[in-house]
Each structure stands twice: as C-alpha cells, then as structure tokens.
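Residue numbering for the sequence shown follows the working numbering, starting at 252 and increasing by one per position.
We put the CB at the ideal spot given by N, CA and C, even for glycine.
None of these values were measured; they are calculated from a predicted model.
Step one of this worksheet: look at the structure below.
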Amino acid sequence: MARFDVYYGASGKGYLLDCQTEILKDFDTRIVVPLLPHSGMTAVTRLHPTFEIKGQQYILSTQLIFAIPRNRLSKPIANLSKHSFEIIDALDMLISGY
Numbered sequence: 252m253a254r255f256d257v258y259y260g261a262s263g264k265g266y267l268l269d270c271q272t273e274i275l276k277d278f279d280t281r282i283v284v285p286l287l288p289h290s291g292m293t294a295v296t297r298l299h300p301t302f303e304i305k306g307q308q309y310i311l312s313t314q315l316i317f318a319i320p321r322n323r324l325s326k327p328i329a330n331l332s333k334h335s336f337e338i339i340d341a342l343d344m345l346i347s348g349y
C-alpha cells in the first residue's frame with residue numbers, strides 16, 4: 252500500500268484514495284477519501300479537485316474522509332501521486348481552512 256493509491260470502493264460507484272503517510276504504514280487502518288463520479292456535483296475548487304481515472308472524471312470528496320481497515324482495500328488500480336499538491340491542498344483546506 253502506498254500513499255495516493257486508488258482502490259475500488261465498496262459501493263461500486265467510485266473509488267477510495269489512500270492519503271495516509273508511509274511513516275504510519277504499520278497501522279491496521281488507512282485514511283482514505285472517496286473519489287465520486289463528477290456528475291454535475293457542485294464542487295468547491297480547492298476542497299474538491301477532479302481527477303481522471305479510467306477515462307472518467309472523479310471528484311475528491313475531501314469532507315467524507317474516513318479510516319478503513321487496511322484488509323478491506325484490494326489491489327490498487329491507479330496512483331495519483333503526481334497530483335500530490337492538489338490532494339494535500341484539499342486536505343489542508345478541510346482541516347485548516349486555508
């Protein structure tokens with residue numbers, strides 16, 4: 252498991268983005284943020300960056316952040332580390348307001 256790996260979500264309607272630092276890789280849980288289909292959803296620019304996964308646009312639904320047991324995450328289907336600035340910026344916006 253690596254930071255910014257993308258996994259299938261349980262609902263089948265989106266994905267989960269692993270946002271947990273590698274320093275805490277031995278924990279039994281991972282911090283994830285849902286990536287939901289961009290279907291006319293209203294997005295707050297910094298809070299909800301959009302990413303393309305398998306040819307479709309998905310919004311990082313940062314306000315829905317949660318912890319999940321690591322054994323519930325299957326094999327990663329993508330990695331968004333090249334977008335680390337936008338992802339960390341969204342998390343900062345949620346937690347710090349700037």
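Q. Which residue or residues does DSSP assign as beta-bridge partners of residue 301?
A. 310
(Q) What would DSSP say about residue 336, mapped onto helix, strand or coil? (A) helix
Q | DSSP bridge partner residues for residue 320 (one or two, in chain order) | A | 280
Q: Report yes if the C-beta distance between residue 352 and residue 288 is below 8 angstroms; otherwise report no.
A: For residue 352 there is no data in the structure shown, the boundaries of the chain being 252 and 349.
Q) On the three-pair Cβ rule with 8 angstroms, is the region 271 to 281 touching the region 292 to 303? A) no
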